[in-house]
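Under this note's numbering, the first residue of the sequence shown carries the number 5, and numbering increases by one thereafter.
Yeah, the Cβ is synthetic: ideal placement off N, Cα and C, and Gly gets one too.
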Amino acid sequence: MAPPPPPAVHSPSSNQYTQQFLSNVLSQRGPSSLPYSEDVKWLIRQHLVSLTDTCPSLQPKTATFTHNDGHTVNLLQSDGTVPMAYQDVTYNIPVIIWLMESYPRHAPLVFVNPTRDMIIKRQHPFVNPSGIVSIPYLSNWVYPSSNLVDLARNLSHFFSRDPPLYSQRRPNPNPNPHPPPGTSFSSSGSTRPAIPPRMYPPSPYGSGGGGGGGVGRIMDDPSEVYKRNAIDNLVGKLHSDIERLRKVREADMEGLFSAQGVLRRREEELSKRVKEMLDEKEGLEHQLQMVLMNTDVLEGWVRDNEAKLKKIGNANGVVDADGVFEPCDSLSKQMSDCTATDSAMEDVIYSLDKAIQDGAIPFDQYLRNVRLLSREQFIYRATASKVRATQMQAQVASMASRISQYALS
Numbered sequence: 005m006a007p008p009p010p011p012a013v014h015s016p017s018s019n020q021y022t023q024q025f026l027s028n029v030l031s032q033r034g035p036s037s038l039p040y041s042e043d044v045k046w047l048i049r050q051h052l053v054s055l056t057d058t059c060p061s062l063q064p065k066t067a068t069f070t071h072n073d074g075h076t077v078n079l080l081q082s083d084g085t086v087p088m089a090y091q092d093v094t095y096n097i098p099v100i101i102w103l104m105e106s107y108p109r110h111a112p113l114v115f116v117n118p119t120r121d122m123i124i125k126r127q128h129p130f131v132n133p134s135g136i137v138s139i140p141y142l143s144n145w146v147y148p149s150s151n152l153v154d155l156a157r158n159l160s161h162f163f164s165r166d167p168p169l170y171s172q173r174r175p176n177p178n179p180n181p182h183p184p185p186g187t188s189f190s191s192s193g194s195t196r197p198a199i200p201p202r203m204y205p206p207s208p209y210g211s212g213g214g215g216g217g218g219v220g221r222i223m224d225d226p227s228e229v230y231k232r233n234a235i236d237n238l239v240g241k242l243h244s245d246i247e248r249l250r251k252v253r254e255a256d257m258e259g260l261f262s263a264q265g266v267l268r269r270r271e272e273e274l275s276k277r278v279k280e281m282l283d284e285k286e287g288l289e290h291q292l293q294m295v296l297m298n299t300d301v302l303e304g305w306v307r308d309n310e311a312k313l314k315k316i317g318n319a320n321g322v323v324d325a326d327g328v329f330e331p332c333d334s335l336s337k338q339m340s341d342c343t344a345t346d347s348a349m350e351d352v353i354y355s356l357d358k359a360i361q362d363g364a365i366p367f368d369q370y371l372r373n374v375r376l377l378s379r380e381q382f383i384y385r386a387t388a389s390k391v392r393a394t395q396m397q398a399q400v401a402s403m404a405s406r407i408s409q410y411a412l413s
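See the structure below:
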């Protein structure tokens with residue numbers, strides 16, 4: 005067995021092209037868009053970029069995948085080789101990693117991609133005869149922690165334990181008696197681990213195919229490569245400008261929404277204040293009507309009592325306060341006299357209390373006067389109580405007569 009040639013250097017420019025390619029194909033809309041969910045496209049891009057950084061030979065591209073029911077779909081794949089250490093020598097196993105429609109929530113579909121001089125090992129524990137790989141990492145795929153970088157490492161690990169591909173040795177018509185070092189022979193149809201030739205990483209903008217990998221690739225025309233790179237740069241700049249404009253517009257929209265919310269709150273506050281002012285205006289108008297009504301009543305009373313005022317006043321224009329108010333009947337006059345006399349006696353008794361406290365009068369004179377005033381006050385109070393009862397009876401009789409009048413009418 006001979007080791008493979010040294011791998012190609014993974015330049016930063018190729019990494020940039022890979023990122024631009026993924027950004028381009030994952031941002032497409034319409035019928036040509038890839039069937040992945042919008043919320044995971046950025047994660048898919050990160051998985052593929054990380055895989056390319058770790059394994060430069062696994063380059064992403066788009067290709068047509070045919071399902072078992074016959075319908076086809078355009079998907080992303082990583083086509084290249086996975087390193088495998090076998091007997092202290094590193095070999096390259098060609099694989100194709102298909103990112104199905106439900107990726108990354110479900111595991112990708114991995115195939116070994118043997119060349120014409122390779123065969124799949126029979127009864128391999130992780131690769132079936134059709135080339136489908138089923139290692140534990142795929143069966144235990146967990147979203148979102150599982151990723152393509154760890155998948156490639158697991159592929160290398162399990163392939164190193166048991167290589168899935170072997171190259172069929174063809175009979176040599178001119179056997180060399182001195183074989184090169186590291187090459188083993190057998191008398192008949194022996195096999196050895198597959199050592200596919202090292203391939204240059206395919207351009208991420210090349211046409212995708214779902215088939216096997218070739219032995220070599222034809223270099224593109226430098227002018228075409230330059231044109232394609234220029235277009236890719238322009239597309240990348242366009243997408244950057246669009247993304248920047250989108251962020252600016254989103255910020256403007258957020259500002260407008262905030263201003264709209266502030267204006268709406270101010271509108272509600274102004275409406276509330278206007279309603280309060282209208283209610284206050286209505287209350288003031290009601291109070292104004294009441295004041296005008298009371299003013300009319302007072303002016304009418306003044307007009308009606310101007311003649312009486314002239315009769316009560318003397319020649320000097322001084323009004324006698326005792327003659328201003330006149331009782332409407334004899335009971336009211338008697339009640340007024342009793343109430344006035346009672347209040348006057350109460351004031352006299354209060355003055356006697358002050359005088360006895362100050363020592364202005366002797367004590368026996370104080371007792372005699374209080375006894376006389378109390379007896380007379382009792383008489384006036386009893387008379388006022390009888391007058392009040394008589395007035396209540398008269399008022400009840402008047403109300404009863406009015407009710408009977410209303411009933412008859």
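Given residue i as reference, the closest of the options once Cα atoms are compared
{"i": "residue 148", "options": "110, 250 and 407", "result": "110"}
{"i": "residue 379", "options": "403, 360 and 353", "result": "353"}
{"i": "residue 376", "options": "254, 356, 49 and 90", "result": "356"}
{"i": "residue 394", "options": "345, 254 and 339", "result": "339"}
{"i": "residue 80", "options": "37, 252 and 278", "result": "37"}
{"i": "residue 399", "options": "66, 335 and 350", "result": "335"}
{"i": "residue 50", "options": "297, 32, 72 and 25", "result": "25"}
{"i": "residue 170", "options": "156, 120 and 35", "result": "120"}
{"i": "residue 35", "options": "78, 66, 159 and 232", "result": "78"}
{"i": "residue 155", "options": "52, 39 and 122", "result": "52"}
{"i": "residue 28", "options": "59, 305 and 244", "result": "244"}
Alpha-carbon spacing of residue i relative to residue j, whole angstroms
{"i": "residue 242", "j": "residue 54", "result": "24 Å"}
{"i": "residue 239", "j": "residue 273", "result": "51 Å"}
{"i": "residue 230", "j": "residue 236", "result": "10 Å"}
{"i": "residue 12", "j": "residue 102", "result": "Unreliable placement is indicated for residue 12, whose pLDDT of 45 sits below 50; the coordinate value is still reported in the next sentence. Cα to Cα, residue 12 sits roughly 23 Å from residue 102."}
{"i": "residue 185", "j": "residue 161", "result": "Caution applies to residue 185, whose pLDDT of 41 falls short of 50 and renders its modelled position unreliable; the model cannot decide the point."}
{"i": "residue 337", "j": "residue 330", "result": "8 Å"}
{"i": "residue 140", "j": "residue 164", "result": "15 Å"}
{"i": "residue 295", "j": "residue 289", "result": "10 Å"}
{"i": "residue 292", "j": "residue 309", "result": "26 Å"}
{"i": "residue 266", "j": "residue 284", "result": "27 Å"}
{"i": "residue 250", "j": "residue 269", "result": "28 Å"}
{"i": "residue 364", "j": "residue 373", "result": "14 Å"}
{"i": "residue 382", "j": "residue 402", "result": "30 Å"}
{"i": "residue 112", "j": "residue 104", "result": "6 Å"}
{"i": "residue 258", "j": "residue 66", "result": "37 Å"}
{"i": "residue 286", "j": "residue 301", "result": "23 Å"}
{"i": "residue 158", "j": "residue 248", "result": "39 Å"}
{"i": "residue 135", "j": "residue 32", "result": "32 Å"}
{"i": "residue 118", "j": "residue 100", "result": "10 Å"}
{"i": "residue 221", "j": "residue 98", "result": "Its pLDDT being 36, under 50, residue 221 is placed unreliably in this model, and the coordinates cannot settle the point."}
{"i": "residue 88", "j": "residue 144", "result": "22 Å"}
{"i": "residue 262", "j": "residue 275", "result": "20 Å"}
{"i": "residue 404", "j": "residue 389", "result": "23 Å"}
{"i": "residue 280", "j": "residue 358", "result": "57 Å"}
{"i": "residue 307", "j": "residue 351", "result": "37 Å"}
{"i": "residue 146", "j": "residue 232", "result": "38 Å"}
{"i": "residue 406", "j": "residue 397", "result": "14 Å"}
{"i": "residue 227", "j": "residue 59", "result": "28 Å"}
For residue j and residue i, believed in contact at Cβ under 8 Å, the rounded distance
{"i": "residue 387", "j": "residue 342", "result": "5 Å"}
{"i": "residue 116", "j": "residue 131", "result": "6 Å"}
{"i": "residue 61", "j": "residue 85", "result": "5 Å"}
{"i": "residue 167", "j": "residue 90", "result": "6 Å"}
{"i": "residue 57", "j": "residue 19", "result": "7 Å"}
{"i": "residue 137", "j": "residue 114", "result": "4 Å"}
{"i": "residue 82", "j": "residue 63", "result": "7 Å"}
Sequence-distant residues of the same chain with beta carbon closer than 7 Å to residue i, five excluded per side
{"i": "residue 45", "result": "30"}
{"i": "residue 367", "result": "360"}
{"i": "residue 345", "result": "384"}
{"i": "residue 256", "result": "none"}
{"i": "residue 129", "result": "166"}
{"i": "residue 391", "result": "335, 338, 339 and 342"}
6 Å Cβ shell around residue i - same chain, five flanking residues per side excluded
{"i": "residue 76", "result": "68 and 70"}
{"i": "residue 360", "result": "370"}
{"i": "residue 142", "result": "111"}
{"i": "residue 151", "result": "51"}
Close Cβ partners of residue i (< 8 Å) along its chain, the five nearest in sequence each way excluded
{"i": "residue 133", "result": "124 and 126"}
If you scan the stretch 32 to 67 from start to end, which runs of the alpha helix (DSSP H) of 4 or more residues do you find wholly inside it?
-> 45 to 58
Minimum length 3: unbroken beta strand (DSSP E) runs contained in the stretch 95 to 123 | 113 to 116
Entirely enclosed alpha helix (DSSP H) segments - the stretch 326 to 379, minimum 4 residues = 334 to 362
Where in the stretch 120 to 152 do unbroken runs of the beta strand (DSSP E), each at least 3 residues long, occur, reported from the N-terminal end onward?
-> 122 to 124
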